[in-house]
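Sequence order for the protein chains is A and B. Using my numbering, the first residue of the first sequence is number 352, and each one after it goes up by one. Using my numbering, the first residue of the second sequence is number 9, and each one after it goes up by one. Just so you know, even glycine gets a beta-carbon here, dropped at the ideal spot from N, CA and C. Quantities reported herein were computed from a predicted structural model and do not represent experimental measurements. The structure appears right after this line, and notes come after that.
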Amino acid sequence: MSSRTGCFSRSPGLRIRPVAELQTCLVYRPHPPKLFRLNGSAWLVLELCEGLDRAQLMAAYRGVAGNHVSAADVAGQVEQGLDLLMREGMIAVSGPDGSARGRSGT
Amino acid sequence: MIDIKSLEVLKTMLSEGLVLDVPRVDAVVPVIRSGDQMLFRNPGKSWLSQDQKERLKGRLDAGSNADDDDDGDDEDDTAKRPRNVTRRALLGQVAVEFGFDVMDENQADLAYFLDWYEDYTVAALRAPGIRYRGTYAVYASSEKTAGKYRTVWSFRGPQAIDRMTSAAEPTPAMGITDLGAITKRLRALADTRPGSGRSQSWYQPAWGFRS
């Protein structure tokens, strides 16, 4: 599970390319190099990882998703999205002391 | 560098009806293909793991794998395998080829599905006279609309075809069989949108079966 505290940020060098006609986006992770396909909810979580903490992320997700997702589903989608993105090294969480934690979850 | 505009694209898609499902992140496996020109790849040198390569090699008829050193002229070959078992040219009295396309977002699902489908089908299919002959990606074809994949079956005769039909598509009263369920799953991966490639071809050996 992703960290309960800290702020989430995208990993450096990430490339995001929307593929609107397929309702998805492609993400290139340079270190180590790998290409991913994200569905809409994972994509939205990734977009919102701009130094926000968990509560701010939930609020931002709810703000963008609006009535597309029920309030009950927002938390679950954000949590799952963070876990998936963290596991693949697309985001990192910085601790209260500013230390960065990545895919290993350490 | 972050592409700021991508969030705007996503917001537009949401306003146009994009549904936010459970988050999903899939690794993209490159599929090198352009029209009827698809790069031929030796399965033994593909992206598959070593274990998967061994399993794939085990599915190919002996002598049909590019990694085999058998060129057909080796006199000692008879010591390696029974010649009559491995050197039969014909697939069966009837061979059927189903052509289909798969949408890009289902390519990974197809690869995952075929991995166990091929083993399962061979293991589970006990009906005499019916053989699953594999699913192939078309790497070159003059037919533009016949599908980029082909699944091939062979049958010993018309009765075997009837048995296959009743197994894969049983009457409602019979319920659905395991074979029917997984075959239905394979069909579900086919792209059925208008304009997508599809075909069905039935073959019989030219010699001896046609008047």
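Host alpha helix (DSSP H) of residue i (start-end)
i, result
"residue 65/B", "58-67"
"residue 23/B", "13-23"
"residue 478/A", "Residue 478/A falls outside the range modelled here, since chain A spans only 352 to 457, and no answer is possible."
"residue 422/A", "422-438"
"residue 391/A", "391-399"
Local Cβ density within 10 Å of residue i, reported as buried at 16 or more and exposed below that
i, result
"residue 156/B", "buried"
"residue 30/B", "exposed"
"residue 98/B", "exposed"
"residue 215/B", "exposed"
"residue 205/B", "buried"
"residue 418/A", "exposed"
"residue 426/A", "exposed"
"residue 80/B", "Unreliable positioning characterises residue 80/B in this predicted model, as indicated by a pLDDT of 44, which lies under 50. A coordinate reading is not provided."
"residue 27/B", "exposed"
"residue 455/A", "Reliability of the predicted coordinates at residue 455/A is poor, the pLDDT of 41 falling under 50, and the value obtained from them is presented with this limitation in mind. So residue 455/A ends up on the exposed side."
"residue 13/B", "exposed"
"residue 356/A", "exposed"
"residue 202/B", "exposed"
"residue 25/B", "exposed"
"residue 58/B", "exposed"
"residue 82/B", "Confidence in residue 82/B is poor, its pLDDT being 47 and thus under 50, which makes the residue's placement too unreliable to answer from."
"residue 391/A", "buried"
"residue 151/B", "exposed"
"residue 166/B", "exposed"
"residue 405/A", "buried"
"residue 144/B", "exposed"
"residue 16/B", "exposed"
"residue 443/A", "buried"
"residue 158/B", "buried"
"residue 402/A", "exposed"
From the options, residue whose alpha carbon lies closest to that of residue i
i, options, result
"residue 209/B", "171/B, 192/B, 160/B, 215/B", "160/B"
"residue 153/B", "172/B, 27/B, 108/B, 118/B", "108/B"
"residue 362/A", "426/A, 399/A, 422/A, 429/A", "399/A"
"residue 207/B", "193/B, 149/B, 171/B", "149/B"
"residue 200/B", "112/B, 125/B, 172/B", "112/B"
"residue 211/B", "119/B, 125/B, 106/B, 123/B", "106/B"
"residue 422/A", "432/A, 409/A, 395/A, 404/A", "409/A"
"residue 23/B", "414/A, 380/A, 389/A, 438/A", "414/A"
"residue 191/B", "146/B, 67/B, 121/B, 59/B", "121/B"
"residue 117/B", "34/B, 14/B, 59/B, 60/B", "34/B"
"residue 367/A", "358/A, 394/A, 384/A, 356/A", "394/A"
"residue 360/A", "431/A, 406/A, 435/A, 397/A", "397/A"
"residue 20/B", "428/A, 377/A, 416/A, 430/A", "416/A"
"residue 32/B", "443/A, 434/A, 411/A", "434/A"
"residue 382/A", "406/A, 407/A, 441/A", "441/A"
"residue 62/B", "18/B, 17/B, 15/B, 127/B", "127/B"
"residue 141/B", "129/B, 151/B, 170/B", "129/B"
"residue 119/B", "193/B, 188/B, 18/B, 170/B", "193/B"
"residue 60/B", "16/B, 17/B, 123/B, 15/B", "123/B"
"residue 67/B", "15/B, 125/B, 16/B, 18/B", "125/B"
Expected contact under 8 Å - CB spacing of residue i and residue j to nearest Å
i, j, result
"residue 162/B", "residue 139/B", "5 Å"
"residue 56/B", "residue 110/B", "Not quite, the Cβ-Cβ distance comes to about 18 Å (not below 8 Å), so this is no contact."
"residue 164/B", "residue 115/B", "Residue 164/B to residue 115/B, Cβ: 33 Å. No contact."
"residue 168/B", "residue 137/B", "3 Å"
"residue 36/B", "residue 373/A", "Contact flag wrong, Cβ pair sits at about 12 Å."
"residue 365/A", "residue 380/A", "6 Å"
"residue 420/A", "residue 407/A", "Their Cβ separation, rounded to whole angstroms, is 17 Å, which puts residue 420/A and residue 407/A out of contact at 8 Å."
"residue 376/A", "residue 384/A", "Actually they do not touch by this definition, with Cβ atoms about 17 Å apart."
Bounding residues of the beta strand (DSSP E) (the contiguous stretch that carries residue i)
i, result
"residue 33/B", "33-35"
"residue 105/B", "102-108"
"residue 444/A", "442-445"
"residue 141/B", "138-145"
"residue 356/A", "Residue 356/A -> no beta strand (DSSP E), and no H or E assigned at all."
"residue 158/B", "157-163"
Residues bridged to residue i (per DSSP)
i, result
"residue 385/A", "380/A"
"residue 206/B", "108/B"
"residue 366/A", "379/A"
"residue 198/B", "110/B"
"residue 211/B", "103/B"
"residue 171/B", "None; residue 171/B has no bridge partner."
"residue 361/A", "442/A"
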